[in-house]
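Chemist: Sharing a structure, written as structure tokens. Questions coming.
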Amino acid sequence: MATASPLIIALDYTSLDAALCMADRLDPTRCRLKVGKELFTRSGPDVLEALHGRGFEVFLDLKFHDIPNTVAGAVQAAAEQGCGWSTCMLPVVVG
1 MATASPLIIA
11 LDYTSLDAAL
21 CMADRLDPTR
31 CRLKVGKELF
41 TRSGPDVLEA
51 LHGRGFEVFL
61 DLKFHDIPNT
71 VAGAVQAAAE
81 QGCGWSTCML
91 PVVVG
């Protein structure tokens, strides 16, 4: 379910149950949800599946930082799991 809302709610929880408890209190037509490193590392793709099943768009905030091919593969994998946004840390070369 797509939303035009600019609001992104951070699910900064340590357990899938706590994150889903908060998600169940929110309206997927009024916000998107952010899943960060800790929740994703503890819950894996199950958290994405559960949130998408509830109709939410998900911002996967894992701060991918590696060689370009590896980052591209990670972003592709996130997209294949239905995440419309993710963060990438890009090197800056000066001079």
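What the sequence shown shows, in the UniProt record's numbering, is residues 1 to 95, in sequence order. Heads up, the beta-carbon is just placed ideally off N, CA and C, and yes, glycines get one too.
1) According to the Cβ coordinates, are Trp-85 and Leu-51 closer than 8 Å?
2) Nearest-angstrom Cα distance between Leu-26 and Lys-34?
3) Along the chain, where does the beta strand (DSSP E) that runs through Phe-40 open and close?
4) Alpha carbon to alpha carbon, how far is Asp-24 from Pro-68? Give it in angstroms, no decimals.
5) Going residue by residue through the stretch 25-83, where are the continuous beta strand (DSSP E) segments of at least 3 residues, counting only ones entirely within it?
6) Determine the contact status of Leu-48 and Gln-76, defining contact as a CB-CB distance below 8 Å.
7) Helix or strand or just coil, what does DSSP make of Ala-10?
8) Figure out for me which residue from Ala-18, Thr-29, Val-93, Ser-15 has the closest Cα to the Cα of Arg-54.
Modeler: Well, looking at it:
1) Residue mapping note: residue 85 aligns to position 85 of the sequence shown, counting from 1. Residue mapping note: residue 51 aligns to position 51 of the sequence shown, counting from 1. Not closer than 8 Å, so no.
2) Along the sequence shown, one-based indexing puts residue 26 at 26. Along the sequence shown, one-based indexing puts residue 34 at 34. C-alpha separation (whole angstroms): 13 Å.
3) To locate residue 40, count along the sequence shown from 1; it is residue 40. Looking at the DSSP string, Phe-40 is not in any beta strand (DSSP E); the run it does join, the alpha helix (DSSP H), is 37-43.
4) As a working mapping, residue 68 is identified with position 68 in the sequence shown. As a working mapping, residue 24 is identified with position 24 in the sequence shown. Using only the alpha carbons, I get a separation of about 37 Å.
5) 32-36, 58-64
6) Residue numbering aside, residue 48 sits at position 48 when the sequence shown is read from its first letter. Residue numbering aside, residue 76 sits at position 76 when the sequence shown is read from its first letter. Their beta carbons are not under 8 Å apart, which means Leu-48 does not touch Gln-76 by this criterion.
7) Within the sequence shown, residue 10 is the residue found at index 10, counting from 1. Strand at Ala-10.
8) Here residue 54 refers to the residue found at position 54 of the sequence shown. When only C-alpha atoms are compared, the closest one is Thr-29.
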